[in-house]
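Counted the way my numbering counts, the sequence shown spans residues 1 to 108.
Here the structure is laid out as structure tokens; the discussion comes afterwards.
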Amino acid sequence: MVGCVSVMRLRGWALRGMAVSAEHQRQGLGERLLGAVYTEVDGPMWCNARLQAVSFYAHLGWAPVGPVFRMGDRMPHQRMTWTRVGTAAARSGLREGRVSELRLESGQ
Ligand SMILES: CC(C)(COP(=O)(O)OP(=O)(O)OC[C@H]1O[C@@H](n2cnc3c(N)ncnc32)[C@H](O)[C@@H]1OP(=O)(O)O)[C@@H](O)C(=O)NCCC(=O)NCCS
1 MVGCVSVMRL RGWALRGMAV SAEHQRQGLG ERLLGAVYTE VDGPMWCNAR
51 LQAVSFYAHL GWAPVGPVFR MGDRMPHQRM TWTRVGTAAA RSGLREGRVS
101 ELRLESGQ
């Protein structure tokens, strides 16, 4: 596996566990993973982004909300949100409390 992301219903839509393996970063895989999420999730999303990932999310349409804070791991994070402009009716089969995972295997 070279990348993963999960999304779940939690106070709206929550994006979690976004990661691309170090040797595959900056090759567009993170953008592809988020693109796959955008096809499943219509509503506004939020995430707690590590500071070093804020530029990545901002590049893909996310906006920072509120101050930088430290999570349980003591790492500084920034709450960010994303909203599709002109949200269409939700087409997703995702359900409250259920995590959906998207993974990219090497070569995909
Ligand atoms: C953040 C992360 C998921 C991005 O994935 P990626 O596959 O490297 O991102 P992409 O190649 O799709 O990048 C798309 C664009 O986002 C921006 N971007 C990506 N990583 C960036 C970084 N570290 N700093 C600044 N901008 C970044 C760039 O504009 C990039 O386009 P460009 O390469 O043409 O300039 C990946 O770096 C990662 O897993 N990091 C470690 C774990 C982590 O921080 N996860 C986020 C937890 S909230």
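We treat Cβ as the ideally placed atom computed from N, Cα and C, and that holds for glycine.
Task: beta strand (DSSP E) segment containing T81, residue limits - done: Against the sequence shown, residue 81 aligns to sequence position 81. Start and end: 76–82.
Task: For P64, the residue or residues it bridges with in DSSP - done: Along the sequence shown, one-based indexing puts residue 64 at 64. Answer by DSSP bridge pairing, in chain order: M80.
- [ ] Please check the pair L33 and M18, which I expect to be a contact at CB under 8 Å, by giving their CB distance rounded to whole angstroms.
- [x] One-based indexing of the sequence shown puts residue 33 at position 33. One-based indexing of the sequence shown puts residue 18 at position 18. Their Cβ separation, rounded to whole angstroms, is 7 Å, which keeps L33 and M18 in contact under 8 Å.
TODO: For F69, write down the residues that DSSP places opposite it in a beta bridge.
DONE: Position 69 of the sequence shown holds residue 69. For F69, which the question treats as bridged, DSSP gives the partners H77.
TODO: Can you grab the Cα-Cα spacing for the pair R74 / R11, in whole Å?
DONE: Taking the sequence shown and counting its residues from 1, one reaches residue 74 at position 74. Taking the sequence shown and counting its residues from 1, one reaches residue 11 at position 11. Straight-line measurement puts the Cα of R11 at about 23 Å from the Cα of R74.
Open item on the list: Between C47 and ligand 1, is there a pair consisting of the residue's CB and a ligand heavy atom that are separated by less than 7 Å?
Closed with: As a position in the sequence shown, residue 47 is number 47, starting the count at 1. Within the cutoff, so yes.
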